[in-house]
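Here's the structure we're looking at; comments come further down.
Chains as they are written, first to last, in this note's numbering: chain A, 1 to 114; chain B, 115 to 223.
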């Protein structure tokens, strides 16, 4: 079946630094990928929709200048958390969906900002 | 109104019980429906697709009611290992995927 690979699976960074998370569709092309965030004991929250070759669409309340999304190819989307702070610590997950099938998720990235 | 709505639970049920979850969706143009399972601190994984005719996979039965715009998941003979969050997922068009907030199930010994 289709595979979505996310990297890194976990990262610890200092407050004020930036962190880049990659999401790759390994055996299909994805013109659209989705980025989610999940805080402990809470549900998945859609942050933004990443569109290949165009600007990402951000959900209400998500700062586009803080969470930079780049979807430069049909198999890769990146999320960069800029100037990370402890409140950005969370579980970030990407997903993509081949046509006419279910959505596939990356393994998730656990970000801890200290 | 959210595009996909679920009761967040938690549903606390004893082992062996039958439990049912419902999920409603607002967009009648929705085309594909799925149930996902998410374990704590892991990514969601597909449990089963949902078809108009209803489908069964072992102890799990999923049904779709297009007229009323809801889907359901029935779990029979609950096991401790069924404890997880169950996400209702609705897909519209090529890649428009919307998730419910999830229903938490806790199966108690």
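Cβ atoms here follow ideal geometry from the backbone N, Cα and C, with glycine treated the same way.
Helix, strand or coil at residue i [DSSP, three-state]
i, result
"residue 102/A", "coil"
"residue 195/B", "helix"
"residue 87/A", "helix"
"residue 124/B", "coil"
"residue 141/B", "coil"
"residue 44/A", "coil"
"residue 210/B", "strand"
"residue 68/A", "strand"
"residue 107/A", "coil"
"residue 165/B", "coil"
"residue 159/B", "strand"
"residue 170/B", "strand"
"residue 180/B", "coil"
"residue 37/A", "strand"
"residue 56/A", "coil"
"residue 32/A", "strand"
"residue 74/A", "coil"
Chain B contact residues for residue i, given Cβ-Cβ distances below 9 Å
i, result
"residue 103/A", "148, 150, 158, 160, 203, 205, 209, 211, 213"
"residue 21/A", "Chain B residues near residue 21/A: none, gap ~13 Å exceeds 9 Å."
"residue 93/A", "157, 158"
"residue 90/A", "Those within 9 Å of residue 90/A in chain B number zero; the least Cβ separation is about 11 Å."
"residue 73/A", "The premise fails here: residue 73/A is roughly 16 Å from chain B at the closest Cβ pair, so nothing lies under 9 Å."
Cross-strand partners of residue i (DSSP beta bridge)
i, result
"residue 20/A", "80/A"
"residue 112/A", "12/A"
"residue 3/A", "The partner list for residue 3/A (beta bridge, DSSP) is empty, contrary to what the question assumes."
"residue 26/A", "According to DSSP, which records beta bridges pairwise, residue 26/A is partnered with nothing at all."
Listed by chain order, chain A residues near residue i by CB distance under 8 Å
i, result
"residue 192/B", "Correct list: empty, because the minimum Cβ distance to chain A is about 21 Å."
"residue 216/B", "43, 44"
Interface partners of residue i on chain B, CB under 8 Å
i, result
"residue 77/A", "Correct list: empty, because the minimum Cβ distance to chain B is about 12 Å."
"residue 83/A", "Ordered by position in chain B, no residue passes the 8 Å Cβ test against residue 83/A, which lies about 26 Å from the chain."
Any residues in the region 38 to 63 of chain A with a beta carbon nearer than 8 Å to a beta carbon of chain B? Which ones, in chain order? 43, 44, 46
Which residues, in order along the region 25 to 38 of chain A, keep a beta-carbon less than 9 Å from a beta-carbon of chain B? 30, 31, 32, 33, 34, 36, 38
Can you give me, in chain order, the residues of the region 161 to 192 of chain B that have a beta carbon less than 8 Å from any beta carbon in chain A? 163
Taking a cut of 7 Å between CB atoms, which residues from the region 2 to 20 of chain A lie near chain B? none
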